[in-house]
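Colleague: Please find one structure pasted underneath; my questions will follow.
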Amino acid sequence: MEDRATRTLEVDARLAELYPGSAAQLCALAFETPFQLLVATVLSAQTTDAMVNLVTPQLFARFPDAEALARADVEEVEALIRPTGFYHTKARHLVGLAQAIVDSFGGEVPQALDALVTLPGVGRKTANVVRSVAFGQPGLPVDTHVTRVSRRLGIARATSADAIEAELCAVLPSDHWGAFSLRMILHGRETCTARRPLCSACVLADLCEARGGFG
Ligand code: SF4
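Just so we're aligned: the sequence shown equals residues 90 to 304 in the numbering used here.
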């Protein structure tokens, strides 16, 4: 089998053909500003993008920007986001991150990864979503799908999200990172599913180390 870097670049090329578009075009979350994408991404933990898109119109109508959400009553935010689950924690994080953006960043979402991860409830995954989708900056979010598909393919060997991000970023061009992540997520949802991957229908099968290992 070809070396790992070559296979990684080929995976990138094939998924780009299967799922064309930029990171902004591939992202299923509805938003109009970087702040709204940040909020939507925090809300997307442990739920679907469709569920997030159901609650954000009301949330953004009431609290359209960081200034407004920084002054919000946490209980009112909880009521608006309740269907997304974990709403106590999410509401606290949302009001807290809005306050931090107002207090430390003049009301504008920062673009630097180091700054984004200082915000409450924002880890590398969320920060990389905001960087790549809202700002068109390099950022490769690693979620459960990116982890599973990368490891099955054998284009990443690490187990932690941070280490997998580093392995993939070492090979892929930085302007591909965000779209690559979103394409791997789509492939993980539609074909390389957790329980029953559809290897016989997979466009990556000849590149994959795990192919055929699922009975
Ligand atoms: Fe996943 Fe199977 Fe495709 Fe490999 S061949 S990426 S295990 S669906």
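Ideal placement from N, C-alpha and C gives every residue a C-beta, glycine not left out. Keep in mind it's a predicted model, so treat the numbers as computed, not measured.
(1) Would a C-beta distance cut-off of 8 Å place GLY277 and ARG237 closer than the cut-off?
(2) Within the same chain, show all residues whose beta-carbon is closer than 6 Å to that of PHE120, passing over the 5 residues directly before and after it, in chain order.
(3) Count the other CB atoms within 10 Å of the CB of ARG272; is the residue buried (16 or more) or exposed (fewer)?
(4) Could you give the distance in angstroms between the alpha-carbon of ALA180 and the alpha-carbon of ASP92?
(5) Count Cβ pairs between the segment 97-106 and the segment 207-216 that sit closer than 8 Å; are there 3 or more?
(6) For ASP101, count the other beta carbons within 10 Å of its own beta carbon; 16 or more makes it buried, fewer makes it exposed. Which is it?
(7) Closest by CA to THR248, which one among VAL231, CYS291, PRO262 and ALA259?
(8) Within the structure, which residues are defined as neighbours of the ligand SF4 by a Cβ-heavy atom distance below 6 Å, reported in chain order?
(9) Looking at the structure shown, is LEU114 part of a helix, part of a strand, or coil, going by DSSP?
(10) Would you identify the three-state DSSP class for TYR108, choosing helix, strand or coil?
(11) Rounded C-beta distance between ALA134 and ILE190? I'm assuming under 8 Å.
(12) Extract the residue ranges of the beta strand (DSSP E) inside the segment 113-153, only unbroken runs of 3 or more that lie entirely within it.
(13) State the Cα-Cα distance for the pair PHE149 and ARG96, rounded to the nearest angstrom.
(14) How is the alpha helix (DSSP H) around THR215 delimited, first residue to last?
(15) Please list the terminal residues of the continuous alpha helix (DSSP H) segment that includes GLY267.
(16) How many angstroms separate the CA atom of ALA157 from the CA atom of ALA201?
(17) Mapping the DSSP letters down to three states, classify GLY185 as helix, strand or coil.
(18) Along the chain, where does the alpha helix (DSSP H) containing ARG241 start, and where does it finish?
(19) For ALA187, does the count of other Cβ atoms within 10 angstroms reach 16, so buried, or fall short, so exposed?
(20) Can you tell me the Cα-Cα spacing of MET90 and ALA290, whole angstroms?
(21) Under 7 Å: does the beta carbon of GLN226 sit that close to some heavy atom of the ligand ATP?
Modeller: Reading from the atomic positions:
(1) The answer is yes: Cβ separation under 8 Å.
(2) Cβ neighbours of PHE120 beyond the five flanking positions: LEU126 and ALA129.
(3) ARG272 comes out buried.
(4) ASP92 has its alpha-carbon roughly 46 Å from the corresponding atom of ALA180.
(5) They do not touch, by the three-pair rule.
(6) Under this definition ASP101 is a buried residue.
(7) Nearest option by C-alpha distance: VAL231.
(8) Listed along the chain, these residues meet the criterion: VAL238, ARG241, LEU242, THR280, CYS281, PRO286, LEU287, CYS288, CYS291, LEU293, ALA294, CYS297, ALA299 and ARG300.
(9) Checking the sequence, you will find Gln at residue 114 rather than Leu. Looking at GLN114 - three-state DSSP - the assignment turns out to be helix.
(10) Residue state, collapsed to three classes: coil.
(11) Not really, about 19 Å apart at Cβ, beyond 8 Å.
(12) Runs of the beta strand (DSSP E) inside the segment 113-153: none found.
(13) Between the alpha carbons of PHE149 and ARG96 lies a distance of about 42 Å.
(14) If you look at THR215, you'll find it in the alpha helix (DSSP H) that goes 213-218.
(15) Taken as a continuous stretch (DSSP letters only), the alpha helix (DSSP H) holding GLY267 covers 266-279.
(16) Cα to Cα, the separation comes out at about 23 Å.
(17) Correct three-state label for GLY185: helix.
(18) 233-242 is the span of the alpha helix (DSSP H), which, as asked, contains ARG241.
(19) Buried, since its Cβ has 16 or more Cβ neighbours within 10 Å.
(20) Because MET90 carries a pLDDT of 46, less than 50, the predicted location of this residue cannot be relied on, and the following value inherits that uncertainty. Going by the C-alpha atoms only, they are around 20 Å apart.
(21) For the ligand ATP, the structure offers nothing, since it holds only the ligand SF4.
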